[in-house]
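Using my numbering, read the sequence shown as starting at 50 and increasing by one per residue.
Built from N, CA and C at the ideal position, the CB exists for glycine as well.
The structure under discussion appears below in the form of structure tokens.
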Amino acid sequence: MKLLLFICFLMPSFMPDSLDLRVEQLHDSILSIDTHNDFAMMYAFPRMEYSVTKGQVSFELMKKGRLDAAFFAAFQAQGPCTEEGHEHAKFLSDSMLLSLHRYAAEHKHLGGIAYSAQEVRDLKAQGKVAMLLSIENAYCLGEDISLVDHYYDLGVRMIGLTHNGDNCVADAGTDSTQTHGGLSAFGYEVIRRMNRLGIIVDVSHASRQACLQAVEASQTPIMASHSGVYALKPIPRNLTDKEIIAIAKKGGVIQISIGRYFLSTLPKAQVGLPHLVEHINYVVELVGIDHVGIGSDFDGGGGIVGVEDMGKMKAITRALLEEGYSESEIRKLWGDNVLRVMEAAETYAKSF
Ligand SMILES: [Zn+2]
Numbered sequence: 050m051k052l053l054l055f056i057c058f059l060m061p062s063f064m065p066d067s068l069d070l071r072v073e074q075l076h077d078s079i080l081s082i083d084t085h086n087d088f089a090m091m092y093a094f095p096r097m098e099y100s101v102t103k104g105q106v107s108f109e110l111m112k113k114g115r116l117d118a119a120f121f122a123a124f125q126a127q128g129p130c131t132e133e134g135h136e137h138a139k140f141l142s143d144s145m146l147l148s149l150h151r152y153a154a155e156h157k158h159l160g161g162i163a164y165s166a167q168e169v170r171d172l173k174a175q176g177k178v179a180m181l182l183s184i185e186n187a188y189c190l191g192e193d194i195s196l197v198d199h200y201y202d203l204g205v206r207m208i209g210l211t212h213n214g215d216n217c218v219a220d221a222g223t224d225s226t227q228t229h230g231g232l233s234a235f236g237y238e239v240i241r242r243m244n245r246l247g248i249i250v251d252v253s254h255a256s257r258q259a260c261l262q263a264v265e266a267s268q269t270p271i272m273a274s275h276s277g278v279y280a281l282k283p284i285p286r287n288l289t290d291k292e293i294i295a296i297a298k299k300g301g302v303i304q305i306s307i308g309r310y311f312l313s314t315l316p317k318a319q320v321g322l323p324h325l326v327e328h329i330n331y332v333v334e335l336v337g338i339d340h341v342g343i344g345s346d347f348d349g350g351g352g353i354v355g356v357e358d359m360g361k362m363k364a365i366t367r368a369l370l371e372e373g374y375s376e377s378e379i380r381k382l383w384g385d386n387v388l389r390v391m392e393a394a395e396t397y398a399k400s401f
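Printed below as a string of structure tokens:
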């Protein structure tokens, strides 16, 4: 260390930036959680062709970027709501979840699967990263309520109600024919079962009505795992003030996505940290620091200039410090808000 300082003294350009040091120190004491990525599909089905950038997610990149935990989603595109369609969606989800278990087992020197907030903390204490399991699109449930238990048993702790297009559970924010006017009767049943087991309800991709109805129906705080602010970029996938306020009032979190699609109409090469921070600031001003976080959407379209993959997550911390956020605010934004939502789900499930 003395030698390093001596070299830095001789060569000022090598001097570690004091803000970078503060970022490193801060990450020693906080827990950082990213609530959405689409790594699983490519890992389970590497031969398929993908239209989005891949390779943005790995345990190695998490360590490099000081990201302690991430929800890895088993994603299925919406298909026909038929017995065959549902069987195929279940096959895809099961395959992806099993492949995530395999990935964690093969990388156990770097990290492991966490099934609770405490297990995220325990892995961090061991110097390891945590993989949390989620589903993006409840299509794979078909109309079979017992599959909620099946996915809980596979380790799933959050389920996104829809992707693009309505399913048997809810209407989607895009490609919707307003099949149910929000949640279906089965959707209400699914949310009851998710609450009972301690699975978080994720409303990213759901229609506005489905989102507001899910907030009402859920006994525990809900999450928008990867979304943006509609007032800043008016697209169906972003949340209106009404939705943000409803989610926050219930104790939930709005996780801002790190993707141009959500953040700005500028060309991709011009969208960076200032746009991400703008969306964060908006949510903070509207509902406070307790209800905002990060859901990257890496391997699913995410990535901006300066935060191209999980290895660059620290740049967000630096930008937040530069923006004037305190360390206790950054602690909430990076992980404590999500841990609170996880623990609320766990506590409710244990109350039976
Ligand atoms: Zn998505």
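Using a Cβ-Cβ cut-off of 8 angstroms (strictly less than) and excluding sequence neighbours within five positions of residue i, which residues of its own chain qualify?
i	result
residue 127	186, 188, 211, 212, 213, 214, 215, 216, 221, 224
residue 23	Outside the displayed range of the chain (50 to 401) lies residue 23, so it cannot be described from this structure.
residue 301	264, 270, 271, 272, 273, 340, 390
residue 228	215, 220
residue 205	123, 146, 182, 183, 184, 248
Taking C-alpha atoms, which residue in the options lies nearest to residue i?
i	options	result
residue 88	104, 131, 249, 299	104
residue 342	84, 367, 72	84
residue 284	263, 255, 262, 145	255
residue 73	378, 364, 387	364
residue 81	381, 392, 91	381
residue 250	258, 257, 241	241
residue 101	77, 351, 357	351
residue 79	184, 117, 96, 233	117
residue 388	167, 305, 90	167
residue 108	142, 120, 370, 209	120
residue 70	370, 151, 356, 279	370
residue 195	243, 150, 344	243
residue 155	266, 180, 171, 374	180
residue 122	232, 143, 130	143
residue 282	298, 308, 268	308
residue 203	170, 171, 148	148
residue 280	329, 299, 267	329
residue 193	376, 357, 267, 218	218
residue 392	178, 170, 291	170
residue 97	141, 130, 129, 77	141
residue 31	233, 385, 366	Because the chain is modelled from 50 through 401, residue 31 falls outside the range shown and cannot be assessed.
residue 290	93, 334, 158	334
Sorted by chain position, which residues of the same chain lie with C-beta nearer than 7 angstroms to residue i's C-beta, five sequence neighbours on each side aside?
i	result
residue 303	273, 276, 288, 293, 296, 332, 340, 341
residue 25	The chain is shown from 50 up to 401; residue 25 falls before or after that span and cannot be answered.
residue 338	378, 381, 382
residue 67	none
residue 99	91
residue 258	220, 230, 231
residue 360	110, 113, 114
residue 336	293, 294, 297
residue 130	216, 217
residue 376	75
residue 245	398, 401
residue 226	215
Starting from the C-beta of residue i, find all residues in its chain whose C-beta is less than 6 angstroms away, skip the five residues before and the five after it, and write them out in chain order.
i	result
residue 174	none
residue 139	189
residue 326	368, 372
residue 191	135
residue 247	394, 395, 398
residue 348	86, 87, 88, 103, 105, 106
residue 344	84, 85, 274, 275, 304, 306
residue 150	none
residue 346	85, 275, 306, 308
Following the continuous alpha helix (DSSP H) through residue i, name the residue where it begins and the one where it ends.
i	result
residue 207	Counting along the chain, residue 207 falls outside any alpha helix (DSSP H), though it belongs to the beta strand (DSSP E) covering 205-209.
residue 78	67-78
residue 396	386-399
residue 436	Because residue 436 is not part of the residues shown, which for the chain are 50 to 401, the question remains open.
residue 336	322-336
residue 97	Where residue 97 is concerned, there is no enclosing alpha helix (DSSP H), given that its DSSP letter is neither H nor E.
residue 342	Careful: residue 342 lies outside any alpha helix (DSSP H), inside the beta strand (DSSP E) at 341-343.
residue 256	First-last for residue 256: undefined, no H or E at that position.
residue 379	376-380
residue 250	First-last for residue 250: 249-251, but that is the beta strand (DSSP E), not the alpha helix (DSSP H).
May I ask which residues mark the beginning and end of the beta strand (DSSP E) holding residue i?
i	result
residue 185	178-185
residue 85	82-86
residue 108	Per DSSP, residue 108 belongs to no beta strand (DSSP E); it is in the alpha helix (DSSP H), 108-114.
residue 124	118-124
residue 171	Residue 171 -> not in any beta strand (DSSP E); alpha helix (DSSP H) instead, spanning 166-174.
residue 160	160-162
residue 305	302-305
residue 273	272-276
When the cut-off is 7 angstroms and only beta carbons count, does residue i lie next to chain D?
i	result
residue 211	Chain labels in this structure do not include chain D; a single protein chain is all it has.
Inset, instruction - Inspect the CB distances between the stretch 189-201 and the stretch 106-120 and report whether three or more fall short of 8 angstroms. - result: Cβ pair count under 8 angstroms is below three, so no.
Inset, instruction - Assess, as a yes-or-no matter, whether the stretch 303-316 is touched by the stretch 388-401 under the definition of 3 or more beta carbon pairs within less than 8 angstroms. - result: Contact between the stretch 388-401 and the stretch 303-316 is absent: fewer than three C-beta pairs spanning the two stretches fall below 8 angstroms.
Legend entry - Stretch pair the stretch 129-136 + the stretch 155-169: three plus CB contacts closer than 8 angstroms: When C-beta atoms of the stretch 129-136 are compared with those of the stretch 155-169, fewer than three pairs fall below 8 angstroms, so the two segments do not count as touching.
Legend entry - the stretch 259-268 / the stretch 232-240 touching (three or more Cβ pairs under 8 angstroms): Touching, yes.
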